[in-house]
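See below:
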């Protein structure tokens, strides 16, 4: 059976492959090989610039151009060639070294000391930087743009609905009125905070040998300050230098990055569930696509499938990310291999997130506010004014104010007439009565609109 979207085991490569195309070139085996090759080439170039390494003095412009082309024109055939080498020697990083040596040898014969490829490196010197560059690119070019797109979609909802009054629900029960814009703004503010945190997370790297002490480097070239060379190389990659490691860069920053994504995802999960709930009580309605089917048996159904799809994929993403985040912080002694297979699944976890973001964005695009229902429900629940009435009564030292309103409203149907009769009987100044008589469930929204104008 040939592999294509209908025969893939993972829905990421099957049902949802169109939603994650941009991630394939980054988190696939091909992507990892390409970034590894990039690091090997850049390290070789770095060594060639060190004046004390005389053995690389014949590193010339032709070779430099050849290496640039090899990196930039890396293709699937190159990746396949590396995998054939790995099949023979059973070592993925060593196969990159052999591949690079073979390419240079074929082009330049023996004009360069090929043993400076992968010089004094442990595999993790290459791997950690390959993953770091991948995550750096993904954060800048994929995660941040789609987070911003999602945030902007929600921001438009906040602005559009900032004056639309609604009954809130605490513990699932009718509570004090607000506006739809203000309640959505709560999510917007939380998401924007996580975006700021994501942008500030440092992406670290190391290149310091077998256990982080430059042991082999020092023996070969004791007069070179390898600590400084390492620092320069890492910072030239646009990464933050980690000066103190075991064989591996300890992955703390990856955990920080994933934990930030998990928090954002959980905020979005909260948003999805609220939108789902508002749809179920008709605060929102969905735009109808006449070609779509909601239920295979119930013709009237228009289901909130986009928010449900997003919720499911967020759960998968977070579950995988949580394991990766927890696992990567732990490595036995100077290193064990258990992080290797886990790291390969970062792309899987981020892919599920990307699918969920796109589903939520689609779900938002189908929403229309149902003002009629919102106003009808507000008009049915004048009892929500018990809160401001008893608060004003407290102001004038009317004993048991809360208890009086509790007896008056709880378990009863309260309308405008009953509320006004109650207010007119209160022993409070006339000006206070006038203020209370002007209150309705529609305008008792506090600073809801002002908060949006000031904060958003």
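Residue numbers (the working numbering): 36 to 491.
Where is the CB? At the ideal position from N, CA and C, for every residue including glycine.
Does DSSP classify residue 43 as helix, strand or coil? coil
Cutoff 7 angstroms; reference residue 440; Cβ partners in own chain excluding five residues on either side: 421, 424, 425
According to DSSP, which residues form a beta bridge with residue 200? 214
Based on the DSSP secondary-structure assignment, which residues constitute the bridge partners of residue 402? 321
What alpha helix (DSSP H) runs, 4 residues minimum, are completely inside the region 346-400? 373-378, 381-400
Nearest-angstrom Cα separation, counted from residue 385 out to residue 261: 35 angstroms
Using the DSSP secondary-structure output, state which residues sit across from residue 239 in a beta bridge. 275
Could you tell me if residue 333 is buried or exposed, where buried requires 16 or more neighbouring beta carbons within 10 angstroms of its beta carbon? exposed
So if DSSP puts residue 229 in a beta bridge, which residue, or which two residues, is it bridged to? Answer by DSSP bridge pairing: none, since residue 229 is not bridged.
Residue 165, enclosing alpha helix (DSSP H) - first and last residue: 158-173
Would you list the one or two residues that DSSP bridges to residue 205? 208
Are residue 153 and residue 75 closer than 9 angstroms when you measure CB to CB? yes
Under three-state DSSP, which class holds residue 153? coil
Let's test the definition: count the other Cβ atoms within 10 Å of the Cβ of residue 354 and tell me whether it reaches 16, buried, or not, exposed. exposed
Within 10 angstroms of its Cβ, does residue 476 collect 16 or more other Cβ (buried), or is it exposed? buried
For residue 178 and residue 368, what's the separation of their Cα atoms in angstroms? 34 angstroms
Can you look up residue 69 in the DSSP assignment and give me helix, strand or coil? helix
Sub-9 angstroms separation of residue 268 and residue 242 beta-carbons: yes
Whose C-beta lies closer than 8 angstroms to the C-beta of residue 279 among residues of the same chain, with five residues either side of it excluded? 247
Specify the secondary structure class of residue 299 as computed by DSSP and reduced to three states. helix
Buried or exposed, going by whether 16 or more other CB atoms sit within 10 Å of the CB of residue 490? exposed
Helix, strand or coil: how does DSSP classify residue 425 here? helix
By a C-beta neighbour count over all protein chains shown, 10 Å radius and 16 as the cutoff for buried, is residue 206 buried or exposed? exposed
Between which residues of its own chain and residue 484 is the CB-CB distance below 7 angstroms, once the five residues before and five after are set aside? 197, 198, 214
Buried/exposed call for residue 378, threshold 16 Cβ in 10 Å: buried
Using a threshold of 9 angstroms, state whether the C-beta atoms of residue 193 and residue 158 are closer than that. no
Would DSSP call residue 304 helix, strand or coil? helix
Between the region 184-193 and the region 452-469, do three or more beta carbon pairs fall short of 8 angstroms? no
Once you ignore the five residues that flank residue 167 on each side, which residues in its own chain have a CB closer than 6 angstroms to its CB? 238, 240, 274
With respect to the alpha helix (DSSP H) encompassing residue 439, which residues constitute its N-terminal and C-terminal limits? 436-444
Mind checking whether residue 88 and residue 365 have CB atoms under 9 angstroms apart? no
Assuming residue 468 and residue 461 are in contact, meaning their beta carbons sit under 8 angstroms apart, how far apart are those beta carbons, in whole angstroms? 7 angstroms
Rank 83, 225, 121, 108 by C-alpha distance to the C-alpha of residue 148 and give the top, closest one. 83
Do the CB positions of residue 398 and residue 317 come within less than 9 angstroms of each other? no
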